[in-house]
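These protein sequence lines are chains A and B, in that order.
Remember, our numbering sits 4 above the position in the first sequence when you count from 1.
Remember, our numbering sits 74 above the position in the second sequence when you count from 1.
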Amino acid sequence: MHALLTLILSFAGALACGLMPAGRARQIRWVALAFASLGLLTALHCALRYGGSGVADEVDWPWIPSLGARLAFGYDGISLPLLLVTGLVAVCGVLFTWELKERANEFYAYYFALVGGVYGVFLSRDLFLLFVFYEIAVVPKYFLIAIWGGTRKDYAAMKLVLYSFAGSALVLLGLLGLYFGANASTFTLQELSQASLSAPLQYVVFPLLFVGFAVLAGMWPFHTWAPTGHVAAPTAASMLLAGVVMKLGAYGCLRVAIGLLPLGAKVWAPWVAALAVVNIVYGALVALRQTDFKFVIGYSSVSHMGFVLLGLATLTQTGLTGAVLQMFSHGVIGALLFALVGAVIYSRTHTRQLEEFHLLIARMPVIAWVFILAGLASMGLPGFSGFAAELHVLMGAWQSPWVSAGLVVLAGAGVVATFGYTLVKIHEAFFRPRVASGSSDKEGLYEPMTAAEIAGCALLLGSSLLVGLFPSLLTDKMQASLKLIVDRLNEAR
Amino acid sequence: MPESLLITLPWLVLLAPLAAAVAILLRGRMSSASSAALSIGGVLLSFIGSVGLWVACRGKGVPEHPLIWLQAGDALAAGSLTLSFGFKLDDLSLWMLLVVTGVASLIHIYSWGYMREDRAIPRYFAGLSLFTFSMLGIVMAGNLVQLFIFWELVGVSSYLLIGHWFERPRAADAAKKALIINRVGDLGFLIGILMVWSITGTVGLGALAEKLAVNPELLGTSATLAGLLIFCGCVGKSAQFPLHVWLPDAMEGPTPVSALIHAATMVAAGVYLLCRVFFLFTPDALHVISWVGGGTALLAALIALQQDDLKRVLAYSTLSQLGFMVMAVGLGAPSAAMFHLSTHAFFKALLFLAAGSVIRALHHQQDIWKMGGLRSRMPVTFWCFLIGTLALGGLPPLGGFFSKDEILAHALTHNRPLFAVGVCVALLSALYMFRVVLVVFGGASRDVAAGRAKESPAIMWVPMLILAALSAGSGALVAVDHPFGVFPSEIHPPRLASLWAMLCGTLALLLGAALAWRFYRGAAVDPLPLQWGVLARTMRQRFYFDELYLWLNRWSHELLSHMSDFAERWLIAGAGVRGASGLALFAGSALRLLQSGNLQTYALWMAAGLLLLLYLFL
């Protein structure tokens with residue numbers, strides 16, 4: 005199946021769901037599941053088909069001749085894991101909102117528009133096109149949060165959109181700098197990567213592009229949209245936000261900023277590394293203080309994205325491999341944690357305040373164990389994808405000339421802090437003894453997991469486990485594409 | 075043994091327990107008996123495989139067949155990373171496999187008796203199997219990263235086992251504490267691995283040893299630091315000072331768990347690691363290691379003397395003995411450390427199982443002052459416990475005698491102050507162990523439950539008897555030539571030192587036993603707090619380490635966390651975000667005032683503007 009099918013299926017899904025009558029919630033969710041699953045299957049098929057090097061499924065149509073913008077699509081080893089994680093999260097998002105009744109047709113229309121925008125970014129081989137899809141992804145987020153959201157939804161939706169647009173403004177500035185600086189008549193990645201850009205220009209444009217994209221990746225101190233946005237968003241949307249939208253930013257940092265501006269990258273990498281470590285440690289520390297379960301996961305996302313940024317800052321093959329692997333890994337695990345907290349647990353307890361949970365493991369044993377597994381995966385337990393990713397990042401950072409050893413040690417301390425808050429929060433949620441009053445002892449079991457929930461958890465945990473046990477399934481496919489970037493970094497003087 | 079069997083047998087040894095764990099977990103609601111059967115079957119299969127490997131390959135080693143696990147970049151290019159998955163099976167790991175699978179098998183069987191009334195037996199056995207799998211992974215690991223992976227898995231599976239009775243808040247807290255403190259040590263370990271890898275370009279144990287044999291100066295000035303960082307892993311897992319605080323708390327787990335993971339395997343993994351990478355350590359690093367070990371041995375022995383919880387006494391005794399082993403490695407005697415590790419695995423597992431037998435008979439009573447008079451009611455348990463005590467104390471010719479003697483002899487030749495420490499520890503060990511024997515088994519029953527106690531069933535005492543035989547007979551290993559492999563730089567102490575060490579060790583045992591007899595024969599309350607005052611109280615309070623760490627945690631981690639949260643709430647979200655949006659809103663409302671819709675006002679502004687322009691341009 006052609007990779008463009010993911011994109012087409014998503015927008016077709018948006019159209020199909022949007023046109024169905026709102027009352028038909030049952031039919032709508034099956035249609036949504038079908039479109040999302042077909043997208044995932046397409047992505048999987050692409051992954052199996054990909055030879056390991058070069059750009060596959062290339063298409064290139066003229067689009068805006070006056071600018072030189074083209075409709076150029078294709079995927080390489082860097083896009084591939086991200087296509088997969090988008091497909092996975094899109095399917096699971098539908099599964100975990102199985103019970104949605106309210107305006108389901110509109111919900112899935114926005115949902116698939118967002119998914120389509122994300123696929124579009126990962127498939128674009130033209131910067132202008134990439135930017136357009138990047139913007140397409142912003143708009144549905146606003147509606148998803150503002151209409152179906154929870155805690156302070158208007159504030160969160162507005163904040164998220166303002167942050168996104170502020171980031172986009174920087175990116176646009178950077179793109180224009182790149183376009184005019186290269187004296188190019190084209191936006192295609194292929195040609196821009198061969199253009200020679202003067203060193204001073206790269207020094208100026210790199211921070212614009214990197215910071216612009218990194219806003220969406222949750223880089224400190226521009227991260228605050230992430231926790232509030234995640235918390236306010238309905239479950240499926242927060243899964244997409246944490247799972248793939250944050251990856252859009254990181255992908256842009258890698259593909260555009262580092263990929264096209266090697267000299268700029270080398271100058272700014274130590275600063276990026278420092279901010280990345282702040283992300284890791286700060287996110288973990290703030291997460292420890294949260295009392296709302298969803299905020300804990302929100303800040304853990306900030307912390308985990310720090311590993312992506314640190315991997316990017318290493319500018320080495322190993323570190324970049326780790327960054328891409330961590331994008332996949334956090335996409336899967338972050339989505340799972342949000343699903344568990346926002347949908348599975350919340351739909352039973354009707355609260356997310358940790359102080360109201362007492363020995364929950366006795367009342368929802370299976371769910372608690374699934375959460376503990378997910379928490380272990382999030383801590384980077386070997387066997388899950390997070391470990392392989394963090395190992396790559398730390399090893400890459402250790403040998404990278406742009407990352408000082410002290411920062412690596414701090415990042416390692418961040419991992420310990422991650423253990424700390426994850427275990428503490430698991431214990432607060434599931435193991436805190438019951439209050440002394442007699443009545444609570446008689447509380448019965450909550451209802452068991454539904455089939456949709458089991459399927460979603462199995463899909464996400466299973467893929468994290470699969471990649472954790474056999475990371476080379478993904479990493480082997482990335483090597484050639486990453487090597488192009490690393491070679492360019494090494495050759496640039 | 076045919077080549078193909080040599081390739082598959084290690085996999086069987088490693089994966090049999092994992093298969094059992096997965097089968098139990100996947101079946102969901104499995105009956106207690108079948109889960110126990112699966113788990114016991116898995117570990118027995120591993121044991122048989124280990125025996126086969128040991129018989130076939132001792133002295134020769136098993137050829138490595140590593141599989142590539144992951145690869146980033148070109149194999150030989152700078153900045154690339156290749157990690158493989160393979161088994162390093164030489165005499166050291168083959169012997170360790172025997173000890174681990176042997177002791178684990180006995181404890182698995184005993185568990186079936188001990189846990190009979192538990193509500194979550196399948197979960198218990200799944201955890202036990204998972205733990206055994208992880209531990210075997212450490213033993214067989216072919217490279218440092220692989221070792222680290224299983225190292226972490228051991229930590230997590232011990233978390234599940236310590237927290238088995240999570241309804242008790244103390245068990246849940248202990249599980250959490252163990253995992254976090256282990257993780258602190260692992261941070262150092264990981265950085266040590268990164269350091270070694272970045273300098274030598276390999277993490278393979280065989281390749282590292284070869285490279286360092288060719289060029290001992292390869293690690294240069296970082297050699298000592300790298301060695302000490304790797305030692306951090308051991309400090310966490312083997313519960314050495316200053317990360318020793320998790321082990322006593324971990325006694326909240328079921329007693330067979332304590333026997334398995336806090337006596338024979340998990341905590342021994344740290345010592346095993348030290349022996350495994352012994353070639354990495356510089357003399358300076360070894361010096362630090364020996365003192366950390368010696369200090370832990372003494373500190374823990376002092377604390378053990380004033381604990382009233384039966385399992386906690388054994389826990390501190392474990393700490394102390396582990397310190398002894400670590401000290402041996404530091405003194406340049408890894409084979410003495412491995413010898414003591416093996417004998418200790420037998421007699422400490424025996425002591426824990428016997429203690430478990432007592433605790434179960436007394437309906438989970440663990441306070442030794444509420445026991446008493448159990449010698450006649452539980453004769454098998456009593457004799458087993460006594461044999462364990464004598465082996466620990468080092469009575470010739472039991473197992474502990476020879477292994478302790480080797481360590482003391484090394485101390486005498488290399489480091490006299492540590493020899494003194496060692497003898498003190500030997501004396502204290504005898505004192506606190508005989509204290510327990512006299513208080514628990516001697517005198518009269520001081521509690522109703524103790525008066526009605528009955529001997530445990532055969533499924534529990536048969537494993538105990540086997541361990542008792544092993545504890546008594548394991549000293550025979552002294553006659554075997556290099557049972558744990560050859561460590562190149564190791565020099566055996568002269569015979570004279572060995573004789574002196576035997577003499578001093580035995581005298582310490584006798585003196586300790588005599589002191590215990592004097593203090594505790596027929597005692598109903600502990601006389602030491604009255605006689606020793608503050609010292610006894612400090613020992614009882616474990617030298618206030620837990621309080622110190624709580625305080626440190628509050629003023630470091632929690633303080634930082636509060637500060638970050640404050641920054642997040644008030645500086646970034648408050649001043650930054652609200653400030654920006656406030657400024658925009660303020661500007662908006664201020665400018666709105668201009669648009670009043672009043673013609674006169676507009677005219678006034680226009681006139682003012684014109685005047686300003688005129689002023690500027692003229």
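The C-beta atom is built at its ideal place from N, Cα and C for all residues, glycine as well.
Which one or two residues does DSSP pair with residue i in a beta bridge?
i       : result
W503(A) : Within the shown structure, residues of chain A are numbered from 5 to 497, placing residue 503(A) beyond reach of any answer.
V136(B) : L163(B)
Does any CB atom of chain A fall closer than 9 Å to the CB of residue i?
i       : result
L250(B) : According to the sequence provided, residue 250(B) is Lys. The question's Leu does not apply to it. Closer than 9 Å: yes.
L624(B) : no
F660(B) : no
D441(B) : no
I212(B) : no
V136(B) : no
S232(B) : no
For a contact defined as C-beta to C-beta under 7 Å, what are the partners of residue i on chain B?
i       : result
M420(A) : Here residue 420(A) turns out to be Val, not Met, going by the sequence shown. What V420(A) touches in chain B: R257, V258 and L261.
A392(A) : L144
F423(A) : L253, I254 and R257
Helix, strand or coil, according to DSSP, for residue i in the structure here?
i       : result
K446(A) : Residue placement at K446(A) is flagged as unreliable, the pLDDT there being 47, under the threshold of 50; the coordinate-derived value follows with that caveat. If DSSP states are grouped into helix, strand and coil, K446(A) belongs with the helices.
F311(A) : helix
N217(B) : strand
T192(A) : strand
A146(B) : strand
T320(A) : coil
S519(B) : coil
T675(B) : helix
T156(B) : strand
L358(A) : helix
L493(A) : helix
L379(B) : coil
D441(B) : strand
Between the alpha carbons of residue i and residue j, how many angstroms are there, rounded?
i       : j       : result
P266(A) : M243(A) : 33 Å
Y198(B) : A411(B) : 31 Å
G22(A)  : N109(A) : 5 Å
D555(B) : R132(B) : 12 Å
L692(B) : L685(B) : 10 Å
F147(A) : A161(A) : 8 Å
T239(A) : A462(A) : 17 Å
Could you tell me whether the Cβ of residue i comes closer than 9 Å to any Cβ of chain B?
i       : result
H396(A) : yes
T192(A) : no
Q321(A) : yes
P498(A) : Past the boundaries of the shown model lies residue 498(A); chain A is included only from 5 to 497, so the question cannot be answered.
S443(A) : Low local confidence applies: a pLDDT of 47 at S443(A) is under 50, so the model's placement there is unreliable, with the coordinate-based value given in what follows. Chain B contact via Cβ: absent.
A108(A) : no
K105(A) : no
V374(A) : no
V428(A) : yes
M309(A) : no
So with CB distances below 8 Å, who are the chain B contacts of residue i?
i       : result
V290(A) : S635, S638, D639 and E642
G416(A) : L261, L264 and I265
Residue i versus chain A: which residues are under 7 Å apart at the beta carbon?
i       : result
F240(B) : I365 and F435
S272(B) : W402 and Q403
Since residue i meets chain A, which of its residues come closer than 8 Å, beta carbon to beta carbon?
i       : result
Q145(B) : S476, T479, D480 and Q483
A483(B) : Neighbours of A483(B) on chain A: none; closest Cβ ~40 Å, over 8 Å.
P453(B) : Result: empty, since nearest Cβ-Cβ is about 40 Å, beyond 8 Å.
L281(B) : Contrary to the premise, residue 281(B) reads as Ala rather than Leu in this sequence. Neighbours of A281(B) on chain A: none; closest Cβ ~17 Å, over 8 Å.
Using a cut-off of 9 Å between C-beta atoms, extract the partners of residue i located in chain A.
i       : result
W186(B) : By Cβ distance, chain A contributes nothing, its closest Cβ being about 23 Å from W186(B), past 9 Å.
G650(B) : P225 and T228
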